[in-house]
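I have placed the structure first, in the form of structure tokens, so that the comments after it can refer back to it.
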Amino acid sequence: MHNYEGVYITGKWRAGSGERIEVHSPADSSVLGHVTEATSDDVDAAVQSARDAGASGPWARASKSDRSAAIGRLADEIQARSSAFADVVSAEVGSPRKWSSFGQIGVAIGVLRSYQKITDEFAFDDTRPSATGGEVLVQRLPVGVVGAILPWNAPVFTAALKLAPALAAGCTVVLKPSPEAPLGVSMLTEAIEASGLPDGVINIVSGGVATGEALVANSGVDKISFTGSTAAGKQIGAACAADVRRCVLELGGKSAAIVLDDVVLDAETVGGLVTGVMANNGQICVAQTRILVPRNRYEEVIDALASAVRQMKIGDPADRATQIGPVVNRAARDRIESAVARAKSDGARIVTGGARPDGFDAGWFVTPTIVADVENNAEIAREELFGPVAVVIAYSHEDDAVALANDSKYGLAAAVWSTDRSRAARVAARLRVGSVSVNSPGPIDFGSPFGGFKQSGIGREGGPEGISAFVEPRSIIL
Ligand code: NAD
5 MHNYEGVYIT GKWRAGSGER IEVHSPADSS VLGHVTEATS DDVDAAVQSA
55 RDAGASGPWA RASKSDRSAA IGRLADEIQA RSSAFADVVS AEVGSPRKWS
105 SFGQIGVAIG VLRSYQKITD EFAFDDTRPS ATGGEVLVQR LPVGVVGAIL
155 PWNAPVFTAA LKLAPALAAG CTVVLKPSPE APLGVSMLTE AIEASGLPDG
205 VINIVSGGVA TGEALVANSG VDKISFTGST AAGKQIGAAC AADVRRCVLE
255 LGGKSAAIVL DDVVLDAETV GGLVTGVMAN NGQICVAQTR ILVPRNRYEE
305 VIDALASAVR QMKIGDPADR ATQIGPVVNR AARDRIESAV ARAKSDGARI
355 VTGGARPDGF DAGWFVTPTI VADVENNAEI AREELFGPVA VVIAYSHEDD
405 AVALANDSKY GLAAAVWSTD RSRAARVAAR LRVGSVSVNS PGPIDFGSPF
455 GGFKQSGIGR EGGPEGISAF VEPRSIIL
């Protein structure tokens, strides 16, 4: 059992006044532990703690090399507990345990290590010639208190994507994990304390929408950094706009994998296309759920994908042989099943999957599914499903593939697959998305900006650009 009572404020777990939130395994509905829902009074106390830690004391005086070292120590302490973190996150999210070592925790450590270096190299101050003679000192000051609101699908990774640049900039943070997956984030307190970060620099308030709304409404928060659905992001963006509060919004997607006509369907390519959709049981924001295939190779690609997907081992996320675990909860399972059923009744072909797997009645399992013969404007090709479902769409020529990939309200990510890397890179450069991978299913690089065009978000995380989101520039004209 992983039980975290109360709220984590000024370096201690303190009694909270809210209700208990039980966290259930999506694999068998057993109770994994509990946290306490933070009330708006708890959120106020956490924000005050963050304000105090940012205004005076060791963090307010920390140099950029102190901050870089602190980020490195936090990475070390997570690394020292990486197996325990992967166990907890795998259990609460349902991520296959083997994948979680890298896909949930390794990437969090990678982000922190990358920012340890970037912080050292980032120009927080520079002097430049004034346009009218003389000199200007440009300073990049911490934006202040960051309210960081996290999704359940990658809780520790998304926490690291916010913590690392915020700490680099000298900010303090109130983290709000989601009620589905608060245990890994609560466990971060062990690493935070062992790393010697001053009290109050990172505070944690668990809870659902009401706790998130209290954080967004608190005028002591200078910047909201939100990762989650586009629907919630629109509400949060509107709330922030009302008093000109800064916000970064990292939202949903319906990304495309473009298979060019020269592709060789070897195990690596087929495996990459499948991983691009099915990783984390289809619950990653950059999932390439629209696979765009040249019309003259349509059936060949569908057959290769279906054969690989049928071999995936569905099972208990804790079992290292498992490749597909459950989706997060009953509502997600029901939403995915009904979207596939609607697509079928609208004439789509369910090549594989589409029914519940046998023998997994205690949890929220969905058989990995391939849907063919759909148009790009079908509901299943337009809306983010957040489950192990790929649609395969035929295109006629390269321009058509680019147009289809771009024909989406989202613009988070994409992948291009080809034997000709230069050609793939040219196609990648025509896509209106925040990041594209060539011949790989992973369009995220720790040292480079990551975020969305269009309704996939505003702002970027990752790389030096990620730090820019947490600083306010000030020009002193000398
Ligand atoms: P969600 O929007 O339901 O919730 C995200 C977080 O916001 C939770 O902590 C929730 O409690 C809180 N929240 C919800 N409504 C709120 C409101 N009005 N005010 C304040 N807080 C609020 O999303 P989810 O189901 O947890 O996560 C899945 C979504 O996240 C998918 O759409 C996925 O694509 C997206 N996502 C995006 C990225 C990215 O980097 N772009 C990464 C991971 C997940």
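Per my numbering, the sequence shown starts with residue 5, numbered consecutively. Just so you know, even glycine gets a beta-carbon here, dropped at the ideal spot from N, CA and C. These numbers come from a predicted model, not from an experiment.
Can you list, in chain order, the residues of its chain with a C-beta nearer than 8 Å to that of Val406? Leave out the 5 residues immediately preceding and following it.
Here residue 406 corresponds to residue number 402 of the sequence shown, with the count starting at 1. Around Val406: Ile262, Val431, Arg434 and Leu435.
Could you work out which residue in Ser412, Thr373, Asn285 and Leu165 is closest to Arg464 when comparing CA atoms only?
Here residue 464 corresponds to residue number 460 of the sequence shown, with the count starting at 1. Out of Ser412, Thr373, Asn285 and Leu165, Leu165 has the C-alpha closest to the C-alpha of Arg464.
Within the continuous alpha helix (DSSP H) that includes Ile113, where are the two ends?
Sequence index remark: in the sequence shown, residue 113 carries index 109 (1-based). Its alpha helix (DSSP H) spans residues Val111 to Glu125.
Have a look at the DSSP bridge pairing and note the partners of Gln143.
If you number the sequence shown from 1, residue 143 lands on position 139. Asp129 and Arg478.
Smallest Cα separation from Ile471: which of Ile113, Gly58 and Gln120?
Indexing the sequence shown from 1 puts residue 471 at position 467. The shortest C-alpha separation from Ile471 is found at Gln120.
Ala418 and Val437: beta carbons closer than 7 Å?
As a first step, residue 418 is located in the sequence shown; it is residue number 414 there, counting from the start. As a first step, residue 437 is located in the sequence shown; it is residue number 433 there, counting from the start. Yes; because the gap between Cβ atoms is below 7 Å, this pair is in contact.
With Phe390 and Gly286 assumed to form a contact (beta carbons below 8 Å), what rounded beta-carbon distance in angstroms separates them?
Here residue 390 is taken as the residue at index 386 of the sequence shown, counted from 1. Here residue 286 is taken as the residue at index 282 of the sequence shown, counted from 1. With a Cβ gap of about 7 Å, Phe390 and Gly286 count as contacting.
Less than 6 Å between C-beta atoms, sequence neighbours within five positions excluded: which residues of the same chain meet that for Val27?
To locate residue 27, count along the sequence shown from 1; it is residue 23. So the qualifying residues of the chain are Leu36, Gly37, Glu96 and Leu187.
Quick check: Gly466 and Pro453, are their CB atoms within less than 7 Å of each other?
Taking the first residue of the sequence shown as 1, we reach residue 466 at position 462. Taking the first residue of the sequence shown as 1, we reach residue 453 at position 449. In this structure, Pro453 lies closer than 7 Å to Gly466 by Cβ.
Which residues share a DSSP beta bridge with Pro298?
To locate residue 298, count along the sequence shown from 1; it is residue 294. Bridge partners of Pro298: Tyr399.
Can you grab the Cα-Cα spacing for the pair Phe89 / Leu192, in whole Å?
Residue mapping note: residue 89 aligns to position 85 of the sequence shown, counting from 1. Residue mapping note: residue 192 aligns to position 188 of the sequence shown, counting from 1. Rounded to whole angstroms, Phe89 to Leu192 spans 8 Å at the Cα level.
Where do the N-terminal and C-terminal ends of the alpha helix (DSSP H) with Ile471 fall, by residue?
Counted from its first residue, the sequence shown places residue 471 at position 467. Gly467 to Ser472 is the span of the alpha helix (DSSP H), which, as asked, contains Ile471.
What is the DSSP secondary structure of Thr234, reduced to helix, strand or coil?
Here residue 234 corresponds to residue number 230 of the sequence shown, with the count starting at 1. Helix, per DSSP.
Based on Cα-Cα distance, which residue from Ala291, Pro372 and Ser479 lies nearest to Ser439?
Taking the first residue of the sequence shown as 1, we reach residue 439 at position 435. For the residues Ala291, Pro372 and Ser479, the minimum Cα distance to Ser439 belongs to Ala291.
Under 6 Å from any heavy atom of the ligand NAD, does the C-beta of Glu254 make it?
As a position in the sequence shown, residue 254 is number 250, starting the count at 1. Yes, the ligand NAD has a heavy atom inside 6 Å of this Cβ.
In chain order, what residues of the same chain lie with their CB nearer than 8 Å to the CB of Lys458, ignoring the 5 residues before and after it?
The residue given as residue 458 occupies position 454 in the sequence shown. Closer than 8 Å at the Cβ level, and outside the excluded window around Lys458, lie Ser412, Lys413, Tyr414, Gly415 and Arg436.
Helix, strand or coil, according to DSSP, for Ile384 in the structure here?
Residue 384 sits at position 380 when you count from the first residue of the sequence shown. In this structure, Ile384 counts as helix in the three-state DSSP scheme.
For the beta strand (DSSP E) containing Trp421, list its first residue and its last residue.
The sequence position of residue 421 within the sequence shown is 417, counting from 1. Start and end: Ala417 to Trp421.
Exposed or buried, what is Lys16 when buried is set at 16 or more other beta-carbons lying within 10 Å of its beta-carbon?
Taking the sequence shown and counting its residues from 1, one reaches residue 16 at position 12. The residue in question, Lys16, is exposed, as its Cβ has fewer than 16 Cβ neighbours within 10 Å.
Can you tell which of Val220, Ala173 and Glu184 has its C-alpha closest to the C-alpha of Val205?
Counted from its first residue, the sequence shown places residue 205 at position 201. Among Val220, Ala173 and Glu184, the Cα nearest to that of Val205 is on Ala173.
Kindly examine the ligand NAD and report whether one of its heavy atoms sits closer than 6 Å to the Cβ of Thr40.
By one-based count along the sequence shown, residue 40 stands at place 36. Not under cutoff, so the answer is no.
Val248 by DSSP, collapsed to three states: which one?
Numbered from its first residue, the sequence shown carries residue 248 at position 244. In this structure, Val248 counts as coil in the three-state DSSP scheme.
Note down, in chain order, each residue of its chain lying with its Cβ closer than 7 Å to the Cβ of Ala64, except the 5 sequence neighbours on either side.
Taking the first residue of the sequence shown as 1, we reach residue 64 at position 60. Here the set comprises Gly58.
Hey, which unbroken runs of the alpha helix (DSSP H) at 4 residues or more fall wholly within the segment 56-119?
Runs of the alpha helix (DSSP H) inside the segment 56-119: 62-65, 68-84, 86-97 and 101-104.
Return the CA-CA distance between Ala195 and Ser44, expressed in angstroms with no decimal places.
For the purposes of this step, residue 195 is identified with residue 191 of the sequence shown, where counting begins at 1. For the purposes of this step, residue 44 is identified with residue 40 of the sequence shown, where counting begins at 1. Going by the C-alpha atoms only, they are around 26 Å apart.
Taking all protein chains shown into account, decide if Gln327 is buried (16 or more other Cβ within 10 angstroms of its Cβ) or exposed.
Here residue 327 corresponds to residue number 323 of the sequence shown, with the count starting at 1. So Gln327 counts as buried.
Shorter than 6 Å, the distance from the beta carbon of Thr231 to the closest heavy atom of the ligand NAD, or not?
Counting from one through the sequence shown, the residue named residue 231 turns up at place 227. Indeed, a heavy atom of the ligand NAD lies less than 6 Å from the Cβ.
Between which two residues does the alpha helix (DSSP H) harbouring Ala214 extend?
For the purposes of this step, residue 214 is taken as the residue at position 210 of the sequence shown. It spans Val213 to Ala221 - the alpha helix (DSSP H) in which Ala214 sits, taken as one unbroken run.
Return helix, strand or coil for Val370, following the three-state DSSP convention.
Taking the first residue of the sequence shown as position 1, residue 370 is located at position 366. In the structure shown, Val370 sits in coil (DSSP, three-state: anything other than H, G, I, E or B).
Any heavy atom of the ligand NAD closer than 6 Å to the CB of Pro155?
Counting from one through the sequence shown, the residue named residue 155 turns up at place 151. For the ligand NAD, at least one heavy atom lies less than 6 Å from the Cβ of Pro155.
Output the distance between the C-alpha atoms of Ala66 and Trp103, rounded to the nearest integer angstrom.
Numbered from 1 along the sequence shown, position 62 holds the residue referred to as residue 66. Numbered from 1 along the sequence shown, position 99 holds the residue referred to as residue 103. Those two C-alpha atoms are separated by around 36 Å.
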